[in-house]
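Residue numbers (the working numbering): 15 to 479.
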Ligand SMILES: [Zn+2]
């Protein structure tokens, strides 16, 4: 798991020192793999035993002792401090044991200071950093489980928060803060007094934009001066016979997508539909099927596109469910890619769906290359025509089993549809903000019917090629 994680960071930070860094990273991977017992939490964390609740003057952050020798090695690599912290967060707190569970989250406000507390059932390494535009504070943990239901707390400087799996091995909490803030302190407390929990405590205070941006620049350091370009992905030769359908359940992990009136998440409902669609496609034995995700994990939009191209997909179907402030609006709809949106609502929808990387707490560079790297090439006419052809067939079939929005084939600049050589559509399965649609979306029988309509459309589309 750790090896995979480091491999991914490599590709993001490859630079002139690449070869030497790679060797060092290999050594680091070996060192980090040393098992790490809970007994290693230093006494500073236990010293708080006398203080019930969260003390006003906490001790220094606790770090498992065996990680300490790695830190100078990471510094030598001239990697940004955030990367050091994130790499540490990927270390299992207790190798071979259960992953930590988040039992609760709380916010306390003391004058100008906002204290955010995460209750854990065992110690975990963590990293905290800030992001701008919009202002966010990101907390990375090793892969954790979350108690359910977990209250989405807010207050003080924290307007909203979300959490979930960022990638295998890394869970993330993203705090939306209304303005520039400074992380005054962050530390871990062992159970003490009335608290049975290990508590991760983060103190935030307001600051000005200039200071905020200076701290971000210092954190990102030089590693960001030359963001690597993604190499073009070679398109593999078709493996004869069966067409490959790529199903893309939207959102996931730390990005919940739209939220229904009763608190249900788009990320869950679209995954359920994607699995049903895959089941039906495989049962027919006419297709190969790949999914961009098959669990509750965040996947970058750009990665979804790259995977579709690398796999040599013949068709890409992104599944979503929308939400609007008007509860009477309902119906499914189908979208294809265009530089110019068909209407204002389609443009707004694309802007919402494209925000995934921001919602997940990725930084500016990550956001810009997700959207800007893959420009719409006018020579993609053939792909666009085929996408539109499939959209037409799809709407015809879906309309037989589900009410559709009026003028339902619309287009806009959806980032996830930007693979230049894979015909692609984005399906909004319905509105989570509408009671009737919500009921249908969570009904297994309705789901089967709707997905079999999509299968019929896929059959017709490939039959006409
Ligand atoms: Zn969506």
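Beta carbons are placed, not taken as given, at the ideal position from N, Cα and C, and that holds for glycine.
Owing to the predicted nature of the structure, the values given are computational and were not obtained by experimental measurement.
Bridge partner(s) assigned by DSSP for residue i
i: residue 333; result: 263 and 441
i: residue 418; result: 346
i: residue 122; result: 129
i: residue 206; result: 209
i: residue 423; result: 348
i: residue 338; result: For residue 338, which the question treats as bridged, DSSP gives no partner whatsoever.
i: residue 255; result: Looking at the DSSP assignment, residue 255 forms no beta bridge with any residue, so it has no partner.
i: residue 451; result: DSSP, once it has assigned bridges, lists no residue as partnering residue 451.
i: residue 115; result: 159
i: residue 143; result: 152
For residue j and residue i, the rounded distance between their alpha carbons
i: residue 78; j: residue 193; result: Bear in mind that the predicted position of residue 78 carries a pLDDT of just 38, short of 50, making it too unreliable to give a figure here.
i: residue 172; j: residue 294; result: 44 Å
i: residue 478; j: residue 396; result: 15 Å
i: residue 419; j: residue 340; result: 14 Å
i: residue 256; j: residue 345; result: 32 Å
i: residue 125; j: residue 408; result: 56 Å
i: residue 424; j: residue 212; result: 50 Å
i: residue 450; j: residue 376; result: 35 Å
i: residue 199; j: residue 187; result: 17 Å
i: residue 145; j: residue 298; result: 47 Å
i: residue 135; j: residue 165; result: 17 Å
i: residue 326; j: residue 435; result: 9 Å
i: residue 278; j: residue 443; result: 15 Å
i: residue 482; j: residue 351; result: Look at the range of the chain in this structure, 15 to 479, and you will see that residue 482 is not part of it.
i: residue 289; j: residue 189; result: 31 Å
i: residue 316; j: residue 463; result: 31 Å
i: residue 308; j: residue 287; result: 11 Å
i: residue 446; j: residue 324; result: 33 Å
i: residue 349; j: residue 175; result: 29 Å
i: residue 291; j: residue 373; result: 27 Å
Heavy atom of ligand 2 within 7 Å of residue i beta-carbon
i: residue 271; result: Absent from the structure shown: ligand 2. Ligands present: ligand 1.
Same chain, Cβ closer than 6 Å to residue i, neighbours up to 5 away in sequence not counted
i: residue 355; result: 361 and 426
i: residue 118; result: 133
i: residue 185; result: 155, 157, 158 and 179
i: residue 311; result: 179, 266 and 267
i: residue 283; result: 335 and 455
i: residue 138; result: 107, 114, 155 and 156
i: residue 370; result: 269 and 315
Nonlocal neighbours in the same chain, by C-beta distance under 7 Å from residue i, ignoring five residues either side
i: residue 113; result: 156, 157, 158 and 159
i: residue 466; result: 294
Cβ neighbour criterion (16 or more within 10 Å) applied to residue i
i: residue 128; result: buried
i: residue 148; result: exposed
i: residue 123; result: exposed
i: residue 357; result: exposed
i: residue 270; result: buried
i: residue 222; result: exposed
i: residue 457; result: exposed
i: residue 231; result: exposed
Cβ neighbours of residue i in the same chain (closer than 8 Å, five flanking residues each side left out)
i: residue 301; result: 256, 257, 258, 259, 295 and 472
i: residue 342; result: 448
i: residue 367; result: 264, 334, 428, 429, 430 and 440
Check whether the region 265-277 touches the region 326-340, taking contact to mean three or more Cβ pairs, one atom from each stretch, closer than 8 Å.
For the pair of segments examined, the region 265-277 was found to touch the region 326-340: the number of CB pairs separated by less than 8 Å reaches three.
Inter-stretch contact at 8 Å, needing at least 3 Cβ pairs: the region 458-478 / the region 395-415
Contact between the region 458-478 and the region 395-415 is present: three or more C-beta pairs spanning the two stretches fall below 8 Å.
Quick check: the region 218-227 against the region 191-209, are there 3 or more CB pairs under 8 Å?
yes
Report yes or no: do three or more beta-carbon pairs, one from the region 159-170 and one from the region 195-211, lie closer than 8 Å?
Output reads no: the region 195-211 does not touch the region 159-170.
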